[in-house]
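Q: Heads up: the protein sequence lines correspond to chains H and X, in order.
Each position in the first sequence, counted from 1, maps to that position plus 102 in my numbering.
Each position in the second sequence, counted from 1, maps to that position plus 102 in my numbering.
There are 2 protein chains.
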Amino acid sequence: MSANLHQHGPSCPGCVAPDLAFAAHDHANCTTDVLAHADALAAVRNVRLTPVRRRVLEILLEQHRAMGAYDVLERLARDGFGNQPPVAYRALEFLVENGLVHRVQRLNAYVACMHPGEAHAPAFLICGTCSAVAEAPAEAARAALDVSAGNVGFAVDRLSIEAMGTCPVCQAKGAP
Amino acid sequence: MSANLHQHGPSCPGCVAPDLAFAAHDHANCTTDVLAHADALAAVRNVRLTPVRRRVLEILLEQHRAMGAYDVLERLARDGFGNQPPVAYRALEFLVENGLVHRVQRLNAYVACMHPGEAHAPAFLICGTCSAVAEAPAEAARAALDVSAGNVGFAVDRLSIEAMGTCPVCQAKGAP
DNA sequence: ATATCTTATGTTATACTATTACGTGTCAAG
DNA sequence: CTTGACACGTAATAGTATAACATAAGATAT
């Protein structure tokens, strides 16, 4: 399916796959893979990936871009689900708790995780020009911060790292 | 002034001085120092640290704890300043732009910077138990992230690192 | 099978966070 | 003393998130 084998960046700047960010890949496959992984995870953990929850994940996977809760809600409403805020917030909360979606604090928005199940400390690279959001490995940064925190006796539980900046595509455009 | 020479942690868990976090110091001095530094910075940069702006900084310095814009606004109103949101938001925006205050994304809140003028990549340690917010050095984490970002061609402009966890005081209380 | 318990969803209302727009005041430069 | 830039006051509104309660759907144990 060549329509889904696209160049990420100009045509799909929001792709968040870390090893694939700003590179070409088969989008249909990556979406399918994540959904399959989500189903498997739900079974293993004995939690329910209900229609609303699954649909929210699909919606976020469609665009590979951070979406606000109300944008998600609008999509849900169109699909016949409830159109009140809690419907979206509850589904998003479930997905975040189960590591299927990440919340981008800086944008008050949500993005599908491309590595469900893999333990990872996510760092987000947010392009200020095209609003693309990429997920990058942050193990090293996490380790460095654990040292800083340890020096003052602070025990880190969850860590969020978010970088504003410019993606390679927009850098190329900006300085031609 | 011994009333201000207090033990940070139990009695003032929100103190954010990085080298002083969770340790004793003269609070009056640290507040005065920061304000003096702010005045000097404003003069050098030829910007105006007006009454509202200075008052907002003072308010944030009082508690050494992240405060929401509306909490700040309430305090301003009591002091005879305008009581509409833009009054607080504009002052906070100015202070953030000038590096005198940091915004904590995770809390939608603001905290006074204890190192105005010093170039620093702030990382915040947020205690989930007592809501204390400490500022920790993050140069190493920043360097590590620059590598990750560089690998995908992303140029980092601003970086925010926020850790949820438990401060030493609450760790001691929690496991006695 | 049915009662029961638990979990999820639908819905209403409301709280919290933030910005736009516009009028007024203030201060320094010309 | 006028002008122009900047700051402040105020009203209105936009955007984000949650509390509370009722209904429905699934699981479990008789």
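Idealized CB from N, CA, C, for every residue including glycine.
Look at the alpha carbon of E241(H) and the alpha carbon of L151(H), and state the distance between them as a whole number of angstroms.
A: The alpha-carbon atoms of E241(H) and L151(H) are separated by roughly 29 Å.
Q: How would you call T134(H), buried or exposed, if buried means at least 16 neighbouring beta carbons within 10 angstroms?
A: Exposed, since its Cβ has fewer than 16 Cβ neighbours within 10 Å.
Q: Quick check on this structure: which residue in E160(H), A225(H), V235(H), G230(H) has the alpha carbon closest to the alpha carbon of R244(X)?
A: Among E160(H), A225(H), V235(H), G230(H), the Cα nearest to that of R244(X) belongs to A225(H).
Q: Which value, in whole angstroms, describes the spacing of the CA atoms of V149(X) and R205(H)?
A: For V149(X) and R205(H), the distance between alpha carbons rounds to 36 Å.
Q: Considering only C-alpha positions, which residue in the set V154(X), Y172(X), G255(X), E237(X) is nearest to V271(H)?
A: The candidate whose alpha carbon is nearest that of V271(H) is G255(X).
Q: What does the Cβ neighbour count give for A142(H), buried or exposed, with the cut at 16 atoms within 10 Å?
A: The residue in question, A142(H), is exposed, as its Cβ has fewer than 16 Cβ neighbours within 10 Å.
Q: Which chain X residues are close to G65(H), counting only those with a beta carbon under 7 Å from its beta carbon?
A: What the structure shows of chain H is the stretch from 103 to 278, and residue 65(H) is not part of that stretch, so it cannot be assessed.
Q: Since P188(X) is in the alpha helix (DSSP H), which residue starts that stretch and which ends it?
A: Residues 187 to 199.
Q: Measuring only between beta-carbons, confirm whether P239(H) sits less than 8 Å from chain X.
A: P239(H) counts as touching chain X.
Q: Let me see if you follow: with CB-CB separation under 8 Å, is P224(H) close to chain X or not?
A: Output row for P224(H): interface = no.
Q: Under 8 Å between C-beta atoms, does V158(H) make it to chain X?
A: Cβ-Cβ to chain X under 8 Å: no for V158(H).
Q: For L178(X), write down the residues that DSSP places opposite it in a beta bridge.
A: Paired residues: none, contrary to the question.
Q: Starting from R156(H) and walking both ways along the alpha helix (DSSP H), at which residues does that stretch end?
A: Note, R156(H): alpha helix (DSSP H), 153 to 165.
Q: By the criterion of Cβ-Cβ separation under 8 Å, what are the contact partners of P153(X) in chain H?
A: Going along chain H, no residue has its Cβ under 8 Å from P153(X), so there is no contact; the nearest lies around 31 Å.
Q: Buried or exposed: where does Y212(X) fall if 16 or more other Cβ atoms within 10 Å of its Cβ makes it buried?
A: When all chains shown are included, Y212(X) counts as buried.
Q: Counting only Cβ pairs nearer than 8 Å, list the residues of chain H close to V213(X).
A: The contacting residues do not exist; V213(X) stays about 15 Å from chain H at best.
Q: With 16 other CB atoms within 10 Å as the buried threshold, where does P188(H) fall?
A: So P188(H) counts as exposed.
Q: Nearest chain H C-beta to A251(X) closer than 8 Å, yes or no?
A: Yes, because at least one Cβ of chain H sits closer than 8 Å to the Cβ of A251(X).
Q: Thinking C-alpha only, which one of G201(X), G184(X), C132(X) is nearest E220(X)?
A: When only C-alpha atoms are compared, the closest one is G201(X).
Q: Who are the neighbours of V258(X) on chain H, taking C-beta pairs under 7 Å?
A: Per Cβ cutoff of 7 Å: A265, G267.
Q: Which residues, taken in chain order from the segment 196 to 213 of chain H, show a beta carbon closer than 7 Å to some beta carbon of chain X?
A: Here the close residues are Q207, R208.
Q: Between the Cα of A130(X) and the Cα atoms of V258(X), A168(X), G182(X), M216(X), which residue gives the shortest distance?
A: Minimum Cα distance to A130(X) is reached at M216(X).
Q: Kindly list the residues whose CB is nearer than 8 Å to the CB of R169(H), restricted to its own chain and excluding five residues on each side of it in sequence; keep chain order.
A: With the sequence shown as reference, residue 169(H) is identified as Met, and Arg is not the correct amino acid for it. The residues are I161, L162, A211, Y212, V213.
Q: Which same chain residues, not among the five before or five after V268(X), have their C-beta less than 8 Å away from its C-beta?
A: In the sequence as presented, Val is not what sits at residue 268(X); that position holds Thr. Result list for T268(X): C229, G230, T231, G276, in chain order.
Q: With distances taken between CB atoms, is the gap from Q158(H) to L194(H) smaller than 8 Å?
A: What sits at residue 158(H) in the sequence shown is Val, not Gln. For V158(H) and L194(H), yes; Cβs fall inside 8 Å.
Q: Report yes or no: is there a C-beta of chain H within less than 8 Å of the C-beta of L227(X)?
A: So, interface residue.
Q: In chain H, which residues lie less than 9 Å from Q273(X) when you measure between Cβ atoms?
A: In chain order: G255, F256, A257.
Q: Just to check my reading of the structure: H139(H) and P218(H) have Cβ atoms closer than 8 Å, yes? What is that Cβ distance to the nearest angstrom?
A: With 8 Å as the limit, H139(H) and P218(H) qualify as a contact, their Cβ atoms being about 5 Å apart.
Q: Using a cut-off of 9 Å between C-beta atoms, extract the partners of P270(X) located in chain H.
A: Under the 9 Å cutoff, chain H gives V254, G255, F256, A257.
Q: Quick one: measure Cβ to Cβ for A265(X) and L247(H), integer angstroms, because I've assumed they're closer than 8 Å.
A: The Cβ separation is near 6 Å, so the contact holds.
Q: From G65(H) to A234(X), what does the alpha carbon distance come to, in whole angstroms?
A: Since the first and last residues shown for chain H are 103 and 278, residue 65(H) lies out of range.
Q: Between the C-alpha atoms of A274(H) and R192(H), what's the straight-line distance to the nearest angstrom?
A: The straight-line gap from Cα to Cα measures roughly 40 Å.
Q: Compute the distance between the beta-carbons of V154(H) and L178(H), then report whether it is under 8 Å.
A: Cβ distance < 8 Å, so V154(H) and L178(H) count as in contact.
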